[in-house]
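Note sheet for the following structure.
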Amino acid sequence: MISDVDGDSVVYLNGQFLKLADARISVLDRGFIFGDGIYEVVPFYRGKPFRMNEHLARLERSLASIGIDTGLNADAWQKLVLELASKCSLAYFTVYLQVTRGPAKRDHAFPTAPQPTVFGMTSPFTPPTAEQRNVGLTAVSIPDIRWLRCEIKSISLLGNVLAKQQAVEAGVDEVLQFRDGYLTEGASCNVWIARDGVLAAPPLDNLILEGIRYRFLEELAAKAGIPFESRRISKDEVACADEIMLTSATKEVLPVVQFNGKPVGTGKPGPVYAALRDAYDQILS
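Here our numbering is used: position 213 in the sequence shown is 208, and no number is missing along the way.
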């Protein structure tokens, strides 16, 4: 059993399980040359997958959207995820999957007979800390200058990397991105606001990636009796929101208590967040 991700940890590459240190791909792989590929991350809690079917459905949607056919169906993907998980002894970890169009002569056009590269590995996963949950996070706004197909979970993540670096350089936890004056998402998370007890999030279109927690939080809100709206949200609305929250596989659901240097609401995690967090914890317990 593998307890850590290092050179000896077991990964999957094109039909084989092997040590990470022994995994090799061609330098002409289109994932390396062009960022031509898709990825997915399935979290495991106490050794059990969380919403694996939804994660794998998103993987297949993204692959179809860029025309990569691996020949693997939903059952095969699930089997691969569980086999990788069985080789990890951690209680909390993620299974990372990456699929590229494979090696080919460097040419922008798709190769005529692609042989996709399929890679998978496990990584340690640390759930949010008590301080993050109870004290909250800080964020600043930045313009969203990424491409217009953000609904695709592409390995071409330079825009997200640059956005996260802006958070680091600003000394905050996250950035909230805005396109044409409207909220899109964080560097690697969905963003929510609450005002007068109503929860809202940007619509599921090409401007954001549909996080698996998006539908999940919508379900939790319904169970908690919290009204939810999926709609465009202006920067002014975010600035005067009672609460701001972030969701992702690794963040779960976390409150933002300071935005652009000013308190969000009371400057502390609010009641909508508390209700959603309680409902979230009940599911994971």
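Ideal placement from N, C-alpha and C gives every residue a C-beta, glycine not left out.
Values in this document were obtained by computation on a predicted structure and should not be read as measured data.
CA-to-CA distance, residue j to residue i, given in whole angstroms
i	j	result
proline 111	leucine 23	12 Å
valine 146	phenylalanine 254	Before going on, a small fix: residue 146 reads as glutamate here, not valine. Taking the straight line joining both Cα atoms gives about 25 Å.
tyrosine 209	serine 183	13 Å
cysteine 235	arginine 46	33 Å
glutamate 180	glycine 166	19 Å
aspartate 70	histidine 50	13 Å
arginine 25	arginine 272	41 Å
leucine 79	threonine 117	7 Å
aspartate 276	glycine 176	34 Å
glycine 256	lysine 82	45 Å
leucine 215	asparagine 155	28 Å
aspartate 200	leucine 143	10 Å
lysine 100	asparagine 9	19 Å
threonine 107	proline 98	12 Å
alanine 158	alanine 18	30 Å
aspartate 64	isoleucine 20	19 Å
tyrosine 40	leucine 85	9 Å
glycine 265	aspartate 191	11 Å
alanine 52	glutamate 126	33 Å
leucine 284	glutamate 164	Residue 284 lies beyond the range of the chain shown here (-4 to 280); nothing can be said about it.
arginine 128	alanine 162	19 Å
aspartate 168	leucine 152	18 Å
glycine 30	glycine 62	14 Å
leucine 77	glutamine 11	15 Å
valine 90	arginine 56	18 Å
asparagine 338	glycine 42	Because residue 338 is not part of the residues shown, which for the chain are -4 to 280, the question remains open.
8 Å Cβ cutoff met for residue i and residue j
i	j	result
valine 267	alanine 217	no
tyrosine 7	glutamine 93	no
glycine 32	isoleucine 150	yes
arginine 96	phenylalanine 105	yes
proline 44	valine 36	no
leucine 58	tryptophan 72	no
valine 186	isoleucine 239	yes
valine 148	leucine 202	Residue 148 is actually lysine in this sequence, not valine. In this structure, leucine 202 does not lie closer than 8 Å to lysine 148 by Cβ.
Supposed close pair residue i, residue j - CB separation, criterion 8 Å
i	j	result
valine 135	valine 170	6 Å
leucine 178	glycine 115	In fact, because the Cβ distance is near 33 Å, the residues do not count as touching under 8 Å.
aspartate 237	glycine 206	The Cβ separation is near 22 Å, so there is no contact.
alanine 196	serine 225	6 Å
valine 233	leucine 132	With 8 Å as the limit, valine 233 and leucine 132 do not qualify as a contact, their Cβ atoms being about 14 Å apart.
serine 4	leucine 13	Contact doesn't hold; Cβ gap of about 10 Å is too wide.
Check: residue i C-beta below 7 Å from any heavy atom of the ligand SAM
i	result
valine 22	Annotation note on the ligand SAM: not contained in the displayed structure, which lists no ligands.
Same chain, Cβ closer than 6 Å to residue i, neighbours up to 5 away in sequence not counted
i	result
leucine 212	Thr242
Closer than 8 Å to chain D by CB, residue i
i	result
valine 94	Absent from the structure: chain D. Only one protein chain is present.
Cβ-based neighbour list, residue i, same chain, cut-off 8 Å, excluding 5 preceding and 5 following
i	result
valine 193	Ile221, Pro222, Phe223, Glu224
leucine 67	Leu75, Val113
proline 258	Val252
Contacting residues, own chain, Cβ-Cβ under 7 Å from residue i (five flanking each side not counted)
i	result
isoleucine 228	Tyr177, Leu178, Ile188, Ala195, Pro197
alanine 219	Ala270, Leu271, Ala274
phenylalanine 173	Ser136, Pro138, Asp139, Thr179, Lys230
isoleucine 28	Arg101
#### Entry: Meets three-Cβ-pair contact criterion under 8 Å: the region 236 to 247 and the region 118 to 136
Inter-segment contact for the region 236 to 247 and the region 118 to 136 is present: three or more beta-carbon pairs are separated by less than 8 Å.
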